[in-house]
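Here is the structure we will look at.
2 protein chains.
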Amino acid sequence: MQLPIRVDPAAGKSLQSQIAEQIRQLILDGRLAPRTRMPASRELAQDLDVSRNTVIGAFARLTAEGLLQTREPIGTFVAESVPIPAPSPQVLPHAGSDETTRRGARARIRQRLQFHDESHQVLAPHARQLSFDFWVGRPDARVFPMRVWQSLLVRMLRGSAVHLCEYGDPQGVLELREAVAVHVGATRGIATDASRVLITNGIQEGLNLLAWLLVRRGVDVAVESPCYRGAARVFAGHGGVLRPVPVDEEGLVCTRLPRSAALAYVTPSHQYPLGATLSLRRRQALLAWAEDSGSYIAEDDYDCDFFYDGAPLPALKSLDRNDQVIYLGTFSKSLGAGLRIGYMVLPAELCEPARHAKALLNNCQPWLEQAALAAFIHEGGFAEHARRLRQLYTLRRNHLCAALAHGLPEWQIDGRGGGMHLVVRLPADGPDAQSVESMARARGVGVYGVENGNAQLFPADAGDPLHRVLLLGYAALTEAEISEAVLRLRQVARALDANDAVEAAQGLAVGAAAGAISNTEKPPS
Amino acid sequence: MQLPIRVDPAAGKSLQSQIAEQIRQLILDGRLAPRTRMPASRELAQDLDVSRNTVIGAFARLTAEGLLQTREPIGTFVAESVPIPAPSPQVLPHAGSDETTRRGARARIRQRLQFHDESHQVLAPHARQLSFDFWVGRPDARVFPMRVWQSLLVRMLRGSAVHLCEYGDPQGVLELREAVAVHVGATRGIATDASRVLITNGIQEGLNLLAWLLVRRGVDVAVESPCYRGAARVFAGHGGVLRPVPVDEEGLVCTRLPRSAALAYVTPSHQYPLGATLSLRRRQALLAWAEDSGSYIAEDDYDCDFFYDGAPLPALKSLDRNDQVIYLGTFSKSLGAGLRIGYMVLPAELCEPARHAKALLNNCQPWLEQAALAAFIHEGGFAEHARRLRQLYTLRRNHLCAALAHGLPEWQIDGRGGGMHLVVRLPADGPDAQSVESMARARGVGVYGVENGNAQLFPADAGDPLHRVLLLGYAALTEAEISEAVLRLRQVARALDANDAVEAAQGLAVGAAAGAISNTEKPPS
């Protein structure tokens, strides 16, 4: 049986709700008679081109409402007697009794909310309709170790529910902190233990925790110029004064660090967004500055799990003899951002304050996935998975470099040493990043200039070079997808060059015409 | 075979690590020879009195390290050839090269961290060694719907891993927001929809989000006196000036609300900590104040799922004609705090700013348990579970009230109308809450005075009455446990009364002796 149902992914409602509501209506209208047999969830899923879980969920809702009945193993049927549904709640009208007062209130509110409009672009883009998306720092969901993960979760849920029911230690599940300590020791040369590790809801929360501890109105915070916007916004949001410090091919230019800063936020492994790796010389200079000025360094090692062409430099934290470096890591790139598990390795004196701050922010992280991840690391599954990704991403990076070199030789490639994205510099005489970005989007390919790539620019970053930079995250695309995407980018670039030529030609023509006119205006002799 | 292993739950390391390390040592010392068969995980778990998962985890670690080998179905054995282990990381010495500079730095750091020592008591107590714990607001893990929950999680994980790998909508999973909108409509009379709901990491994060949006240095925030410490600390931490407003048996005394406040934080269902329910009259007065002063109201409905003796008053939010109430709810009490899922129902104009603020705080909540909870609610499982808990907790509340009335008739009971804890007022002529609390703890019973019960007191709260208040959370204790606990409390009270009598008598004796001495000091006549 084919049901008269349509679903629209772009609608404001989930597919499951759309399906449930339309079937509910069909039943209540009597168009689906009692005892009618429903199509099998698999068939309906195919008809509507949705996942089978979506249909199962919709059926389950209607069963709970008493509109459907399941008779194993025969199938699902419309209920014998259909109950009268409760009226669904309506949103209240906003109109208040006293307009004047309310306008006054609203005015004050707007003022209070002013700042927050700026935070806009920190949001990761959602529901992009693109055939090939080079969005930065996104892993490939197709290689997530789902079977292992599922069995780990089930194992963790065996036995007592106490961990699901009680508040956990704000610092995080002990087993996970132990696992993280071993992990950063083995992969980043950081000698630490569980007492120094704090589990966060991703690096973004780690930055908030730091800001809560160290940043007040008027406190100077040194940041890279350009830098990761999510960090800049958080420090500014806590009243900090951002002190941009330039970066070059060796990373942060440490001689330009202000002594006044209480905190310096850096991305040494793979500078965000420009991709440089901070040289050993600069790392030592940075640490010397921190010791000299009595400041902290926040080391954001967001995509450290992926290094190619030989061993990575050890983390800044591993050289931190004075315990002034706060190390921030995440499993968002190596496993998935939907788990929301990051961590900090803290200086001794910050451990307790950070634990209290985490308790004030949101008590602690959820237990289950922390416990599963701890087992995954301790039992060697994570190391194996990371190895596998490193091999895969190396191939994809090589393939992208080759495809670009062949198809768009005039595009200069940087930041290939590590991470999950390349930095492309467009030629000075061609179209800028924004033109390429928007035209590529029109052809179903997502590439990102620094600003739409969540980078924060400062006055010193103004001018041409940065507006000719494109970020290409390659981790989530297969080699075949990369080839096709680069073909389309090539067409985009050629089309834009052609336009430029035409415009240039038009420019000349207009000039000539103007000349002609001026001639005619000469008084006749 | 009995292994020479000991575990200590009080040690700073997880049981799993303790077991793994001791077995590792036995193998590396050669005391467990290659090919030796290990005891079955079940036996070892029994010997050590730990869960079997703990042993399985320890074996799995050692297997990953190559020290153990599993030969299904025979069992687990010490490996044929034992590899040389990598040296485990040592924590670096803290001593720096230049003591003076470092002391300078440290001094500045201490200053910056000063505030955070205050936040101390927001932490939920951990690893309490008590036979019977009346800690407030904790559900009974023994009735968690584990089987259903496990199958929901597995169902959610079927199919694509995309949700585990990508950042979600900062506002929360759409299906869960839809489910929450229906839930608060049905149970609290709040007419809303998914666009107004934002999913948070518990109410604590909701409070932070509000503070981020509305509180700046010097902004007045009206709070109940006494109030929930977690809220007071957050608002103060963002620079807000707390304006305590007294509470009585009708709840907040609205006539005392300052016009200057940009925000009023209230707990209308079950005032924290004193348990009063805000009367309808007062609710209307509170809303009138908000409209008049153009302020927001934060309605913390932390344990609204449990009402006894008839229907609850509708939520303040349901009477909110001017859209000035921010409603905060949580699943920490009805399901479990370890899930870390709370929600806000927001005024229209706060939705986008709140969404951006959530993105800045930590991007979004983890996906999996949000998705499972959505299905749990939509399919009717949650409503059924909540109904079951309500029946269970009603019995436990009644049992506690009866046991107290019988065993400690001089203790006055309040706040029985709802929630998960009773408020006990100790007689004015007897020992105070702190004495009862500490002596009860010594006998394995946890009861809490307002301060150790996470309440924030203000100068106006000083004086006797509040120091004679005890909070007794009963949700996690069976009737049998409650009976035994109340027996012990009775002994405590009697013992304290006796002490008082003795001290009083001693006081007299001392007085007499003093008199005698002074007499002897008279110069002989």
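Protein chains in written order, with our numbering: chain A, 483 to 1007; chain B, 483 to 1007. Ideal Cβ placement from N, Cα and C applies to all residues, glycine included.
Check: Member of 493/A, 766/A, 551/A and 914/A whose CA lies at the smallest distance from the CA of residue 515/A; Outcome: 551/A
Check: Under 7 Å by beta carbon: chain A residues contacting residue 628/B; Outcome: 639 and 643
Check: Cβ-Cβ distance between residue 696/B and residue 750/B below 9 Å; Outcome: no
Check: Residues, ordered as in the chain, of the region 685–696 of chain A that lie near chain B by beta-carbon distance below 8 Å; Outcome: 686, 687, 690, 694, 695 and 696
Check: 7 Å Cβ shell around residue 849/A - same chain, five flanking residues per side excluded; Outcome: 645, 646, 650 and 655
Check: Alpha carbon of residue 612/B to alpha carbon of residue 539/B, nearest angstrom; Outcome: 28 Å
Check: Residues bridged to residue 938/B [DSSP beta-bridge criterion]; Outcome: 709/B
Check: Opposing strand residues paired with residue 809/B [DSSP bridges]; Outcome: 781/B and 827/B
Check: Given 8 Å, three or more beta-carbon pairs between the region 917–927 of chain B and the region 968–975 of chain B; Outcome: yes
Check: Cβ contact (3+ pairs, closer than 8 Å) linking the region 791–808 of chain A and the region 664–678 of chain A; Outcome: yes
Check: Proximal residues, the region 833–852 of chain B versus chain A, C-beta separation under 9 Å; Outcome: 834, 835, 836, 837, 838, 839, 841, 842, 843, 844, 845, 846, 847, 848, 849, 850 and 851
Check: Members of the region 533–567 of chain B near chain A, C-beta cut-off 7 Å; Outcome: 533, 535, 539, 542, 543 and 546
Check: Contacts of residue 623/B in chain A (Cβ-Cβ under 9 Å); Outcome: 642, 643, 644, 645, 646, 647 and 648
Check: At least three beta-carbon pairs within less than 8 Å, the region 529–536 of chain B to the region 503–517 of chain B; Outcome: no
Check: Test: residue 857/B CB closer than 9 Å to a CB of chain A; Outcome: yes
Check: Contact between the region 863–879 of chain B and the region 721–733 of chain B (3+ Cβ pairs under 8 Å); Outcome: no
Check: Inter-residue CB distance, residue 666/B and residue 811/B (contact presumed, cutoff 8 Å); Outcome: 7 Å
Check: Nearest residue (CA-CA) to residue 903/B, options 917/B, 892/B, 891/B and 881/B; Outcome: 881/B
Check: Beta strand (DSSP E) segments (min. 3 residues) lying fully within the region 897–950 of chain A; Outcome: 903–907
Check: Proximity test, Cβ basis, 9 Å: residue 967/A and chain B; Outcome: no
Check: Cβ-based burial, residue 558/B [other Cβ within 10 Å; buried from 16]; Outcome: buried
Check: Heavy atom of the ligand SAH within 8 Å of residue 717/B beta-carbon; Outcome: Ligands in the displayed structure: none, and consequently the ligand SAH is not present.
Check: Cβ neighbour criterion (16 or more within 10 Å) applied to residue 821/A; Outcome: buried
Check: Minimum C-alpha distance to residue 710/A - residue among 938/A, 949/A and 494/A; Outcome: 938/A
Check: Residues within the region 861–884 of chain A neighbouring chain B, beta-carbon criterion of under 7 Å; Outcome: 861 and 862
Check: Length of the line joining the Cα atoms of residue 716/B and residue 547/A; Outcome: 41 Å
Check: Residue 557/A: first and last residue of the uninterrupted beta strand (DSSP E) it sits in; Outcome: 557–560
Check: Member of 754/A, 487/A and 618/A whose CA lies at the smallest distance from the CA of residue 819/A; Outcome: 618/A
Check: Among 758/A, 806/A, 795/A and 975/A, the one whose alpha carbon lies nearest that of residue 774/A; Outcome: 806/A
Check: Candidates 616/A, 660/A and 824/A, of which the one nearest residue 682/A by Cα; Outcome: 824/A
Check: Limits of the unbroken beta strand (DSSP E) element including residue 679/B; Outcome: 679–682
Check: Length of the line joining the Cα atoms of residue 624/B and residue 826/B; Outcome: 28 Å
Check: Assigned secondary structure, residue 653/B (DSSP; H/G/I helix, E/B strand, else coil); Outcome: coil
Check: Beta-carbon contacts of residue 852/A that lie in its chain and below 7 Å, excluding the five residues immediately before and after; Outcome: 654, 655, 658, 681 and 823
Check: Buried versus exposed call for residue 984/A [16 or more other C-beta atoms within 10 Å across all chains shown]; Outcome: exposed
Check: Through-space distance from residue 491/B to residue 608/B, alpha-carbon basis; Outcome: Residue placement at residue 608/B cannot be trusted, given a pLDDT of 42 that sits under 50; the coordinates are not used to answer.
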